[in-house]
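Student: Oh and the sequence shown: position 70 is 58 in our numbering, straight run, nothing missing.
There's a structure below that I have some questions on.
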Amino acid sequence: MNASRIKTVLLVLITLLFSSSFVWADSVLPFTFTGAAYRDFHAKYAQDVFGFYNFLSYSMDTTAFTKLEGNFCDKQTGLAAGADINVDDNAVGKANKIAAYVGIKRLFLRLEKGNMKGVANWNGLLAPGQSAHEAFDNKFMHVDLILHSNSMLDGTGYWGVGYTTFNLPAEIQTTFTYTNRQGQVEGVRAFDPDFQVKCYSFIFGFDTFSGETLGTGIGKFEEGFGFFGSGEDRFGLGYSYISDAGIKAAEFLNPGLKATEQKLFGGFVENDTDMGFKWSHAYKYLKLVLGVGYEVSFAVNLQWSGFATEPGQLGVNSPISIFRYGPIGRVFMQW
């Protein structure tokens, strides 16, 4: 086995070693490894900052969400390896034939995943069989194909496409009409215990923490202490799915009306921003960057379909927002 293959095998083995969360004193350590490891985000949650809900609130577990990320990068071979990304048989994941994310030179496939855990508290009317306090423990996942640019923001910028999927309890806004779509009347809102979002997005971002070492000729590596900042925006389109329980609840609370749709078309917007302090050092065969900081992240999903267009129909819509914030630690290694 030649040296190049040995190094690739070692990268895969290290990926498997670091592919689970470290737990200490009932808390998920906020380690971030952008490069030869993975990324965690120790997140707290803010309540419905966009004012979408009248009756729904969350009691979120601040240690349950873990944002994992990994870009294994070998400067000589340009290979990256990591965890499985074929969730939902998505088109981005299909780009990887071996069910692991693989990057060539400046092109990387990236996985971010985590849990959103807590209790959804409903203060409105309930359908039979529903509970005012619904515990949930759901997955949140991004699968991204990223191209790091030599020309964007002194080599720290990147762009790409991504796939996002998550489930979360939601509040269903309902409408009906006596005439047509222009004559919408608000109905009784209902509780959906398992609302789901699936969408594809365009991604634009920069990262001064890992950008200086990702791939050959990207950014400028400087040893010692410094400041880092990163920001990422994604703008997407896709479908949201009201659960069977949610549809039944909406129709029960609005008797005589039939829901127009269960699969709703709409848009998705997300921003992640973090900043902090880092320390960089170059060894003979390794570049190492350590950092600590703080991250703020918000995501919004809006639907543009599901309206009632004639009498007897029940329009359904469920805008949803997620706002997270908390400390973050970062580690990057490159051979």
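Just so you know, even glycine gets a beta-carbon here, dropped at the ideal spot from N, CA and C.
Drop a sphere of 10 angstroms on the beta-carbon of residue 167, count the other beta-carbons inside from all chains shown, and report buried for 16 or more, exposed for fewer.
Tutor: For this step, residue 167 is matched to residue 179 along the sequence shown. Exposed, since its Cβ has fewer than 16 Cβ neighbours within 10 Å.
Student: To the nearest angstrom, report how far apart residue 194 and residue 268 are at their CA atoms.
Tutor: Here residue 194 refers to the residue found at position 206 when the sequence shown is read from its first residue. Here residue 268 refers to the residue found at position 280 when the sequence shown is read from its first residue. Rounded to whole angstroms, residue 194 to residue 268 spans 18 Å at the Cα level.
Student: Give the secondary structure of residue 34 by DSSP, where H, G and I count as helix, E and B as strand, and everything else as coil.
Tutor: For the purposes of this step, residue 34 is identified with residue 46 of the sequence shown, where counting begins at 1. Note: residue 34 maps to strand in three-state DSSP.
Student: Of the choices 228, 180, 197, whose alpha-carbon is the least far from that of residue 152?
Tutor: As a working mapping, residue 152 is identified with position 164 in the sequence shown. The alpha carbon of residue 152 has as its nearest neighbour, out of 228, 180, 197, the alpha carbon of 228.
Student: Among 164, 120, 145, which has the Cα closest to the Cα of residue 244?
Tutor: Position 256 of the sequence shown, counted from the first residue, corresponds to residue 244. Comparing Cα positions, the closest option is 164.
Student: Would you mind working out which of 188, 313, 306, 125 sits nearest residue 180, comparing C-alpha positions?
Tutor: Along the sequence shown, one-based indexing puts residue 180 at 192. For residue 180, the nearest C-alpha among the options comes from 306.
Student: With three or more beta-carbon pairs closer than 8 Å as the criterion, would you say the segment 279 to 288 touches the segment 249 to 269?
Tutor: Result yes; three or more Cβ-Cβ pairs closer than 8 Å.
Student: Figure out for me which residue from 116, 109, 251 has the closest Cα to the Cα of residue 184.
Tutor: As a position in the sequence shown, residue 184 is number 196, starting the count at 1. Selected option, being the one with the closest Cα: 251.
Student: Given residue -11, which residues of its chain have a CB within under 6 Å of its CB, disregarding the five upstream and five downstream residues?
Tutor: Here residue -11 refers to the residue found at position 1 of the sequence shown. Bear in mind that a pLDDT of 49 at residue -11, under 50, signals an unreliable position, so the model cannot answer this.
Student: Answer with buried or exposed for residue 130, where buried requires no fewer than 16 other C-beta atoms within 10 angstroms of its C-beta.
Tutor: For the purposes of this step, residue 130 is taken as residue 142 along the sequence shown, with counting starting at 1. Residue 130 comes out buried.
Student: Hey, how far is the Cα of residue 308 from the Cα of residue 272?
Tutor: Residue mapping note: residue 308 aligns to position 320 of the sequence shown, counting from 1. Residue mapping note: residue 272 aligns to position 284 of the sequence shown, counting from 1. In a straight line, the C-alpha of residue 308 is about 49 Å away from that of residue 272.
Student: Going by CA-CA distance only, name the one from 263, 155, 241 that's closest to residue 214.
Tutor: Translated into positions along the sequence shown, residue 214 becomes position 226. If we check each option's Cα against that of residue 214, 263 comes out closest.
Student: So residue 240 is in the alpha helix (DSSP H); what residue range does that whole segment cover?
Tutor: Start at 1 with the first residue of the sequence shown, and residue 240 comes out as number 252. That run of the alpha helix (DSSP H) goes 232 to 241.
Student: Got a sec, what are the start and stop residues for the beta strand (DSSP E) residue 284 sits in?
Tutor: Position 296 of the sequence shown holds residue 284. That run of the beta strand (DSSP E) goes 275 to 291.
Student: For the beta strand (DSSP E) containing residue 165, list its first residue and its last residue.
Tutor: If you number the sequence shown from 1, residue 165 lands on position 177. Start and end: 145 to 165.
Student: Quick one: give me the first and last residue of the beta strand (DSSP E) that residue 263 is part of.
Tutor: The count along the sequence shown starts at 1 and reaches residue 263 at position 275. 251 to 270 is the span of the beta strand (DSSP E), which, as asked, contains residue 263.
Student: Please state whether the Cβ-Cβ distance between residue 312 and residue 33 is less than 7 Å.
Tutor: As a working mapping, residue 312 is identified with position 324 in the sequence shown. As a working mapping, residue 33 is identified with position 45 in the sequence shown. Less than 7 Å divides the Cβ of residue 312 from the Cβ of residue 33.
Student: Residue range of the beta strand (DSSP E) that residue 44 falls in?
Tutor: Against the sequence shown, residue 44 aligns to sequence position 56. Residue 44: member of the beta strand (DSSP E) spanning 44 to 48, first to last residue.
Student: If we call anything under 7 Å between Cβ atoms a contact, is residue 320 one with residue 137?
Tutor: The count along the sequence shown starts at 1 and reaches residue 320 at position 332. The count along the sequence shown starts at 1 and reaches residue 137 at position 149. No, Cβ-Cβ distance for residue 320 and residue 137 is not below 7 Å.
Student: Which same chain residues, not among the five before or five after residue 235, have their C-beta less than 6 Å away from its C-beta?
Tutor: Within the sequence shown, the letter at position 247 stands for residue 235. Correct list, in chain order: 247, 250.
Student: If you draw a straight line from the alpha carbon of residue 103 to that of residue 128, how long is it in whole angstroms?
Tutor: Counting from 1 along the sequence shown, the entry for residue 103 is found at position 115. Counting from 1 along the sequence shown, the entry for residue 128 is found at position 140. If I take the Cα positions, the gap works out to 6 Å.
Student: With distance defined between alpha-carbon atoms, name the residue in 109, 100, 98 nearest to residue 36.
Tutor: Start at 1 with the first residue of the sequence shown, and residue 36 comes out as number 48. Of 109, 100, 98, the residue nearest in Cα terms is 109.
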